[in-house]
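**Q** Have a look at this one.
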């Protein structure tokens, strides 16, 4: 794992990168929660997700949005942060073989940014959205769902209502063209999934393995398989 700095116009975006030893390994970009509410790439849940993808032989990059940590600039209400994430995807493509699968993971505000980028970048093959802030932000842009993904939500979320996220998850599951999607609701935790980090990472790890095994069996599109699963 090495510290990296990505150039975004006049700004520098701080990141941490792990290069897989496997040839043509998939890559993942991981985005933290809201910069104005303590979000950063070194939070416990981001660190654990980063480690999970690395253990599954991904090349992994996590970044600090502008104005966080050593990243220069100031918070830009999602506009600049989307640019930061796009620059990170470009950087990953420059440092890996062409046509490797790309995943995006976002936590809360980072999920909103990640899902916008998923719509804009056809090379993205999967996403993980943790506590997507469907109550606060408009997710209507995410239709139809271009690729399968995993959504994780708390049943006690006071920032993004469970009912709003469930409605979003159902809409995406009904519109995804192919692949395996999952939606998990975790009890006894809050928007930040506090004290449930291990459970969250286990769900993500299981989903990664399922998707990678499906890809190993067949390079063709898998049969559409969508379902809502609760995790207590």
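Numbering (our numbering), first residue to last: 20 to 251. For every residue, glycine included, the Cβ atom is placed at its ideal position computed from N, Cα and C. Predicted, not measured: the structure shown is a model, and the values here were computed from it.
Using only the alpha-carbon positions, how far apart do residue 174 and residue 110 sit?
**A** One C-alpha to the other measures close to 36 Å.
**Q** Can you tell me whether residue 112 is helix, strand or coil according to DSSP?
**A** It is helical.
**Q** Please go through the same chain and pick out, in chain order, the residues whose beta-carbon is closer than 7 Å to the beta-carbon of residue 54, but skip the five residues on each side of it.
**A** Cβ within range, chain order: 84, 86, 87, 94.
**Q** Run through DSSP, which three-state label would residue 218 get?
**A** Helix, per DSSP.
**Q** Return the chain-ordered ranges of every alpha helix (DSSP H) run that is complete within the segment 80-149 and spans a minimum of 4 residues.
**A** If we require 4 residues or more, the alpha helix (DSSP H) runs fully inside the segment 80-149 come out as 98-113, 128-139.
**Q** Would you kindly check if the distance between the Cβ of residue 58 and the Cβ of residue 66 is under 7 Å?
**A** Going by C-beta atoms, residue 66 is not nearer than 7 Å to residue 58.
**Q** Between 29, 78, 56, 49, which lies nearest to residue 20 when the distance is taken from Cα to Cα?
**A** Ranking 29, 78, 56, 49 by Cα distance to residue 20 puts 78 first.
**Q** Can you name, in chain order, every residue of its own chain whose Cβ lies under 6 Å from the Cβ of residue 154, other than the five neighbours on each side?
**A** Excluding sequence neighbours, residue 154 sits near 179, 180, 183.
**Q** Which two residues bound the contiguous alpha helix (DSSP H) that contains residue 192?
**A** Residues 181-194.
**Q** Here's the rule I'm using: 16 or more other beta-carbon atoms within 10 Å means buried, otherwise exposed. How should residue 69 be labelled?
**A** Burial call: buried.
**Q** Which residues in the same chain as residue 76 place their Cβ atom closer than 6 Å to its Cβ, once the five residues preceding and following it in sequence are excluded?
**A** So the list reads 39, 41, 44, once near-sequence residues are dropped.
**Q** Using the C-alpha atoms, what's the distance from residue 24 back to residue 80?
**A** Computed Cα separation, rounded: 11 Å.
**Q** Is the beta carbon of residue 107 less than 7 Å from the beta carbon of residue 48?
**A** In contact: residue 107 and residue 48 (Cβ atoms closer than 7 Å).
**Q** What are the start and end residues of the beta strand (DSSP E) that includes residue 71?
**A** Where residue 71 is concerned, there is no enclosing beta strand (DSSP E), although the alpha helix (DSSP H) it sits in stretches over 63-74.
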